[in-house]
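S.K.: In our numbering, the protein residues as written are 4 to 133.
Backbone N, C-alpha and C define an ideal beta-carbon position, used for all residues, glycine too.
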Amino acid sequence: MAVGINHQDRAGPVKNGQPAGFPQARVVTLTECGTHAQIDAAVGGFRGGEPELAIKMAGTAGGMLVVMDRGFPGVALWKAYTEAGAHLLIRARSSVAARPVEHLPDGTYLARMNLAGQKGAHPGGAGPGD
4 MAVGINHQDR AGPVKNGQPA GFPQARVVTL TECGTHAQID AAVGGFRGGE
54 PELAIKMAGT AGGMLVVMDR GFPGVALWKA YTEAGAHLLI RARSSVAARP
104 VEHLPDGTYL ARMNLAGQKG AHPGGAGPGD
């Protein structure tokens with residue numbers, strides 16, 4: 004990190020109320036799977052979250068199939084990427100994807116996401132039976 008910048012927001016570990024170690028930053032990248040080329044990156048403070056950084060890159064993902072891990076599901080993130088024209092494949096905890104829509108031959112299933120009971124969890128709003 005650059006010298007002379009106020010590192011208060013980027014501070015990492017704290018010990019006995021005092022900063023410990025070096026200032027830290029959080030980085031999220033949009034990486035192409037085949038070549039591992041980094042298409043885009045967002046950098047933020049250590050105390051910030053990865054989903055918020057991922058939202059900043061949504062505009063770059065138009066027309067792509069974006070694969071996300073289970074720490075990323077969220078209504079704001081989902082809407083940002085779908086509005087940018089991206090297609091999403093998100094691995095989710097079973098509590099988030101508890102309502103199977105279609106069972107697949109390999110034993111996995113496609114599900115309607117339910118994020119902490121939020122009605123707007125699916126981009127089209129609440130589904131039938133909600």
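List the DSSP bridge partners of Gly-47.
M.R.: Start at 1 with the first residue of the sequence shown, and residue 47 comes out as number 44. For Gly-47, which the question treats as bridged, DSSP gives the partners Arg-29.
S.K.: Are Thr-63 and Leu-107 closer than 7 Å when you measure CB to CB?
M.R.: Translated into the one-based positions of the sequence shown, residue 63 becomes position 60. Translated into the one-based positions of the sequence shown, residue 107 becomes position 104. Cβ distance not < 7 Å, so Thr-63 and Leu-107 don't count as in contact.
S.K.: For a quick check, are the C-beta atoms of Ala-89 and Gly-65 less than 7 Å apart?
M.R.: Within the sequence shown, numbered from 1, the residue matching residue 89 stands at position 86. Within the sequence shown, numbered from 1, the residue matching residue 65 stands at position 62. Cβ atoms of Ala-89 and Gly-65: closer than 7 Å.
S.K.: Leaving out five residues on either side along the sequence, give the residues of the same chain with a beta carbon under 7 Å from the beta carbon of Pro-54.
M.R.: In the sequence shown, the residue the question calls residue 54 occupies position 51. Phe-75, Gly-77, Leu-80, listed in sequence order.
S.K.: Can you grab the Cα-Cα spacing for the pair Gln-41 / Gly-20, in whole Å?
M.R.: Here residue 41 corresponds to residue number 38 of the sequence shown, with the count starting at 1. Here residue 20 corresponds to residue number 17 of the sequence shown, with the count starting at 1. Looking at the two C-alpha atoms, the distance is approximately 37 Å.
S.K.: Which stretch, first to last residue, makes up the alpha helix (DSSP H) that contains Ala-78?
M.R.: By one-based count along the sequence shown, residue 78 stands at place 75. The question names Ala, but residue 78 is Val in the sequence shown. Where Val-78 is concerned, the enclosing alpha helix (DSSP H) stretches over 78-86.
S.K.: Look at the alpha carbon of Ala-44 and the alpha carbon of Ala-87, and state the distance between them as a whole number of angstroms.
M.R.: Walking along the sequence shown from the start, residue 44 turns up at place 41. Walking along the sequence shown from the start, residue 87 turns up at place 84. Taking the straight line joining both Cα atoms gives about 16 Å.
S.K.: For Leu-113, which residues in the same chain have their Cβ closer than 6 Å to its Cβ, ignoring the five residues on either side in sequence?
M.R.: The residue you call residue 113 lines up with position 110 of the sequence shown. Only Val-104, Glu-105 meet the Cβ criterion.
S.K.: Let me confirm a value: Val-30 is counted as buried when at least 16 other C-beta atoms fall within 10 Å, else exposed. Which label applies?
M.R.: In the sequence shown, the residue the question calls residue 30 occupies position 27. Val-30 should be labelled exposed.
S.K.: Per DSSP, Ala-152 forms a beta bridge with which residues?
M.R.: Lying outside 4 to 133, the shown extent of the chain, residue 152 is not represented and no answer is given.
S.K.: Determine the closest residue to Lys-59 out of Ser-98, Leu-92, Gly-47, Gln-27, with distance taken between C-alpha atoms.
M.R.: For the purposes of this step, residue 59 is taken as the residue at position 56 of the sequence shown. Of the candidates Ser-98, Leu-92, Gly-47, Gln-27, the one whose C-alpha sits nearest the C-alpha of Lys-59 is Gly-47.
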